[in-house]
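Input: a single structure, listed below in structure tokens.
Numbering (my numbering), first residue to last: 3 to 326.
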């Protein structure tokens with residue numbers, strides 16, 4: 003073999019790995035956007051990654067995730083959504099509070115939402131079975147379960163005393179939630195006291211108002227503000243020695259008396275699966291919005307004993323989890 007032919011052969015051989023790498027598809031990027039802070043929501047991120055992993059996608063190995071947090075500043079959402087769209091990302095996963103900004107930013111990039119509000123009345127999709135467009139997702143229906151929470155608390159607290167509700171007035175579904183609970187309270191013959199707590203400055207104000215109300219029980223409403231500050235609201239109920247029910251299991255784990263609702267953690271795991279399906283080629287328009295099929299009643303027995311509260315046998319019998 004002549005020297006020139008040998009050098010050419012070596013050069014061609016050295017180029018093979020480069021050519022092979024150039025032909026490999028780029029790692030898909032998922033855009034992750036929430037209107038909240040990152041603090042307090044690590045369990046949701048873990049659940050989302052779990053859903054991806056179960057579907058064959060591992061962050062850093064065959065998929066990348068670009069995270070954006072608005073830190074409870076709504077004005078930042080359009081900018082953050084535009085950043086993800088302009089990157090561009092293959093799909094965006096987001097919560098209800100960020101959906102308006104994301105939907106305004108793109109009509110083509112697939113969007114997978116998680117929402118505690120009715121996706122149809124909330125304007126996310128026009129049809130649950132065939133969403134159409136570029137949007138689908140998972141709903142955990144916090145708000146429509148308010149009536150059930152009133153009923154559970156009604157069984158446990160003195161009938162002569164009113165029931166108080168902490169309402170996040172900045173939560174998108176706050177009005178619907180208040181109407182749901184007011185109707186349920188009327189059906190049981192209970193007076194419902196609405197107390198607003200929409201930011202950190204109002205937590206102590208809510209405490210003082212609740213202390214003066216002589217309420218026999220407390221319902222802590224839906225929304226990311228309450229979830230983010232769940233420990234403070236559990237401690238508030240403990241200081242007042244008032245039986246309380248919450249929307250998510252995480253409150254009962256923190257020491258709240260009980261919770262009733264679909265699992266938000268599971269919703270994020272399912273969202274991970276939905277994102278994986280989109281990455282594999284499915285169209286959001288053809289993917290039905292997933293609704294919860296199981297609702298969990300979690301009771302913290304230690305807290306019940308601290309309150310010197312005797313739990314009705316019927317309530318204990320239907321509990322999905324009892325924390326000792």
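Glycine included, C-beta positions come from ideal geometry on N, C-alpha and C.
This structure is a prediction, so every number in the text was calculated from the model and none was measured.
Once DSSP output is grouped into helix, strand and coil, what is the label at residue i?
| i | result |
| --- | --- |
| residue 70 | strand |
| residue 88 | helix |
| residue 6 | The pLDDT assigned to residue 6 is 47, lower than 50, so where the model puts this residue is not dependable; a value taken from the coordinates is nonetheless given after this. Helix. |
| residue 308 | helix |
| residue 270 | helix |
| residue 323 | strand |
| residue 98 | helix |
| residue 111 | coil |
| residue 15 | Because residue 15 carries a pLDDT of 43, less than 50, the predicted location of this residue cannot be relied on, and no value is offered for it. |
| residue 165 | strand |
| residue 40 | coil |
| residue 313 | coil |
| residue 318 | helix |
| residue 248 | strand |
| residue 260 | strand |
| residue 215 | helix |
| residue 34 | strand |
| residue 198 | strand |
| residue 299 | strand |
| residue 154 | helix |
| residue 140 | strand |
| residue 47 | helix |
| residue 220 | strand |
If you drop the 5 nearest sequence neighbours on each side, which residues of the same chain put their C-beta closer than 8 Å to that of residue i?
| i | result |
| --- | --- |
| residue 298 | 251, 261, 262, 263, 264, 265, 322, 323 |
| residue 195 | 164, 165, 166, 167, 215, 217 |
| residue 39 | 71, 73, 74, 230 |
| residue 128 | 122, 134 |
| residue 61 | 51, 54, 67 |
| residue 209 | 238, 241, 242 |
| residue 13 | Because residue 13 sits at a pLDDT of 47, beneath the cut-off of 50, its placement in the model cannot be relied upon, and the point is left open. |
I'd like the list of long-range same chain contacts for residue i, defined as Cβ closer than 7 Å, with 5 residues on each side in sequence excluded.
| i | result |
| --- | --- |
| residue 275 | 53, 56, 57 |
| residue 308 | none |
| residue 243 | 309 |
| residue 69 | 34 |
| residue 303 | 324, 325, 326 |
| residue 170 | 176, 199, 200, 223, 225, 227, 228 |
| residue 156 | 190, 192 |
| residue 110 | 136 |
Quick check on the burial criterion: 16 or more other C-beta atoms within 10 angstroms. Buried or exposed for residue i?
| i | result |
| --- | --- |
| residue 192 | buried |
| residue 64 | exposed |
| residue 319 | exposed |
| residue 160 | exposed |
| residue 123 | exposed |
| residue 100 | buried |
| residue 131 | exposed |
| residue 296 | exposed |
| residue 316 | exposed |
| residue 314 | exposed |
| residue 328 | As shown, the chain starts at 3 and ends at 326. That puts residue 328 outside it, with no answer to give. |
| residue 144 | buried |
| residue 271 | buried |
| residue 207 | exposed |
| residue 29 | exposed |
| residue 305 | buried |
| residue 89 | exposed |
| residue 76 | exposed |
| residue 293 | exposed |
| residue 106 | exposed |
| residue 283 | exposed |
| residue 186 | buried |
| residue 213 | exposed |
Assuming the contact rule is C-beta atoms closer than 8 Å, residue i and residue j should be a hit. Round their C-beta distance to whole Å, please.
| i | j | result |
| --- | --- | --- |
| residue 300 | residue 254 | 4 Å |
| residue 139 | residue 112 | Incorrect: roughly 10 Å between the Cβ atoms, too far for contact. |
| residue 224 | residue 175 | 7 Å |
| residue 233 | residue 202 | About 13 Å separates the two Cβ atoms, so there is no contact after all. |
Closer than 6 Å by C-beta to residue i: which residues in its own chain qualify, once you throw out the five before and the five after it? Chain order, please.
| i | result |
| --- | --- |
| residue 108 | 87 |
| residue 42 | 230 |
| residue 158 | 245 |
| residue 118 | 142, 144, 224 |
| residue 249 | 144, 224, 263 |
| residue 97 | 36, 116 |
| residue 219 | 155, 159, 165, 245 |
Examine the ligand NAP and report whether any of its heavy atoms sits within less than 7 Å of the Cβ of residue i.
| i | result |
| --- | --- |
| residue 69 | Of the ligands one can find in the structure shown there are none, so the ligand NAP has no counterpart to examine. |
Any chance the segment 144 to 154 sits against the segment 179 to 188, with 3 or more Cβ pairs inside 8 Å? Judged by Cβ distances under 8 Å, the segment 144 to 154 makes contact with the segment 179 to 188, as three or more pairs qualify.
Segment contact flag, the segment 75 to 83 with the segment 41 to 51, C-beta cutoff 8 Å, min 3 pairs: The segment 75 to 83 makes no contact with the segment 41 to 51: fewer than 3 CB pairs, one atom from each, lie closer than 8 Å.
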